[in-house]
Amino acid sequence: MPTVHLLDYVAGNVRSLVNAINEVGYDVEWVRSPEDLKDAQKLILPGVGHFGHCISQLSDGGYLGPIKKHIESGKPFMGICVGMQALFDGSEEDPNVPGLGIIPMRMQKFNNQTKSVPHIGWNSAIKTTSDSRSQSFYGLSPNSKYYYVHSYAALYTPGELEKDGWSVATASYGDEEFVGAIARGNIFATQFHPEKSGQAGLRALRAFLNGDQVQSLPTEASIDGRKASGLTRRIIACLDVRANDTGDLVVTKGDQYDVREKSGVDAGGQVRNLGKPVDMAKRYYEQGADEVTFLNITSFRNCPVADTPMLEILRRTSETVFVPLTIGGGIKDTIDTDGTQISALDVAKMYFKSGADKVSIGSDSVFAAEEYYAAGEKLTGKTAIETISKAYGNQAVVVSVDPKRVYVNSPEDTNHHTIKTEFPNDAGQQFCWYQCTVKGGRETRDIDVWQLAKAVEAMGAGEILLNCIDKDGSNSGFDLELINDVKAAIKIPVIASSGAGVPEHFAEVFNRTTTDAALGAGMFHRGEYTVSQVKDYLGAKGFLVRQFESNI
Ligand code: 1PR
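If you want it as structure tokens, here you go:
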């Protein structure tokens, strides 16, 4: 196999990139010291997290000069995400850290007054000059969508980069247009993650590796993709995974978090078994799921952390599933079976190395939020959310919330943030607050979802996965009141979860709330609907969605 050099200098979470490179027919040679760069013909620089952190790591390792030399020598270079940002003069994220200065522009933060930041999801990369509409660079198609996750961007001014010979493909987020991909001569760089962008991303990666700078696009691509430009509605398939009573790992699904059978042949308390995690993840990827989330809903007892079966599930899934993977369950400071202390960051690291893109933290974030308020809203820098987001970036940390409704007669009856609901309870109470729970809903805590959301945003969480125990498994639609309430509290994106039963529920949640994404579980697992049916329905209702591209 031909090879490409990969510089994995910071985070070590490049397994999916390696899998994607293999998938398009190349082998990876690792750059382990600046000297290795001398041998590199083709070089890829990925990057996650903070701009300043990435550049400082490169600088401290002695890589900056050799990278610049490689680029100036005319050998192929590809930068991904922060690896693209490194080519610029600098970034508002860390104003005192200079970039490589190859592109005379600076990264700026997205305006979060009108939209959620980070910008997370599938967006366009459309060539800016329309004169050669049937041609693009590196196989980028105006009809394809690519996976982005970032808070800082190279905001686009028409002509500014093109006058220096750069080819630019842009995307729009709200009213801001930014650079999605950029190329000139031997350089190709993408703000999006090609390794997480399904077949469209693999096509771009392969074009770079094969040196196909100018590629004619399939004929259907000559339609004006700008009509369909912008961020798509994100649909996530979620797999709750646990060991069943015979020790096999299965995808299960509860009703209000109770996963044991109540009727049928397995009635009498067997864990509901809906299939195998890796196979199901692949199926949802091929149906067009924009992300796949695995929740380890019971910790695997008496199992050393390094052998937890979820690691193997991630490794195998990331070989065939080229969309973002989130893993939740048990992300906290832990004592291993041999008595060793393992930090939440180390647990997360194992997951990232095995192919996860984000970790989802449940119970531990509730405890951290309680401590945050007890200390007078002071950050310690020691929580799982803070340590992981510092090392891997905010976008890598999801907080999974499991709230329950608590009804009251009036807002004065509680210290918690209440809403007036359209759905009073049987006793006629018209107000409720959402109480946070831990340990899979088994224990309630004296903190509400509004408090929790604000605290975890302050700690550096990048996204909220908003479940609702009352709605879970009910097929009765999302809790729109809860979603609107949480959206009003914070700026980071929210994933609506719990209650989806039919495609109409997805249209409803996107119409009646400002949620950033929506998640389904049971309706997909039971085979009642496919992810593509949900997307077809949304498309027919005028929502922008990404459809699965079947080949590269
Ligand atoms: O607390 O950090 O160890 O994380 C545990 C994680 O496991 C949390 O994210 C928690 O939500 C999840 N969890 C724990 N117990 C259960 C259970 O069901 N017994 N599942 C559980 C949570 C909720 C959603 C579900 C949606 C959509 N599952 O992920 O998929 O409600 O379902 P639907 O579309 O079928 O209605 P920690």
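Under this note's numbering, residue 622 is the last one in the sequence shown; the count climbs by one each step, no gaps.
All C-beta atoms in this analysis are idealised placements derived from N, C-alpha and C, irrespective of residue type, glycine included.
| Asked | Found |
| --- | --- |
| Count the other CB atoms, across all protein chains shown, that sit within 10 Å of the CB of V74; report buried if there are 16 or more and exposed otherwise. | buried |
| In angstroms, rounded to a whole number, what distance separates the CA positions of V341 and S186? | 38 Å |
| Whole angstroms is fine: what's the gap from Y599's alpha carbon to E574's? | 11 Å |
| Looking at the ligand 1PR, does it come within less than 8 Å of N314, judged from the CB to the closest heavy atom? | no |
| Report the option in G597, H595, E578, R596 whose CA atom is closest to the CA atom of A588. | E578 |
| For I401, which of C502, G409, A426, E361 has the nearest alpha-carbon? | A426 |
| Cβ-heavy atom distance between G532 and the ligand 1PR below 8 Å? | no |
| For the pair the stretch 188-195 and the stretch 296-314, tell me if three or more CB-CB distances fall below 8 Å. | yes |
| Starting from Q178, follow its DSSP beta bridges and name the residues at the other end. | A223 |
| For C502, report the span of its beta strand (DSSP E) as first-last. | 501-508 |
| The beta strand (DSSP E) that contains V604, what's its start and end? | From DSSP, V604 is part of no beta strand (DSSP E) but of the alpha helix (DSSP H) over 601-610. |
| Touching or not, the stretch 348-362 and the stretch 408-417, by the rule of three or more beta carbon pairs under 8 Å? | no |
| Classify T410: buried if its beta carbon has 16 or more other beta carbons within 10 angstroms, exposed otherwise. | exposed |
| How is the alpha helix (DSSP H) around K524 delimited, first residue to last? | 519-529 |
| Which same chain residues end up closer than 7 Å to S242 when comparing Cβ atoms and leaving out the 5 residues on each side of it in sequence? | S299, G300 |
| Give the DSSP-derived three-state secondary structure of A588 in the structure shown. | strand |
| Cβ of A591 within 8 Å of any heavy atom in the ligand 1PR? | yes |
| Please state whether the Cβ-Cβ distance between M154 and Q269 is less than 9 Å. | no |
| Take V508 as the anchor and find which of Q521, P473, N464 has the nearest alpha-carbon. | P473 |
| Does the Cβ of Y327 lie closer than 8 Å to at least one heavy atom of the ligand 1PR? | yes |
| Using only the alpha-carbon positions, how far apart do I196 and S211 sit? | 7 Å |
| Helix, strand or coil: how does DSSP classify C124 here? | helix |
| Use the C-beta contact count for F629: other C-beta atoms within 10 angstroms, 16 or more gives buried, fewer gives exposed. | Given a span of 71 to 622 for the chain in the structure shown, any question on residue 629 remains unanswerable. |
| Given the structure, does A570 come close to the ligand 1PR, in the sense that its CB is under 8 Å from one of the ligand's heavy atoms? | yes |
| Quick one: is S103 buried, meaning 16 or more other Cβ sit within 10 Å of its Cβ, or exposed? | exposed |
| G209: which of L76, T491, C506, L272 sits nearest, CA to CA? | L272 |
| Might you give, ordered along the chain, the residues of its own chain that have their beta carbon closer than 8 Å to the beta carbon of L170, omitting 5 neighbours on each side? | L134, I137, K138, I141, A156, L157, F158 |
| So which of E441, A274, N182, K215 has the shortest CA-CA distance to L87? | A274 |
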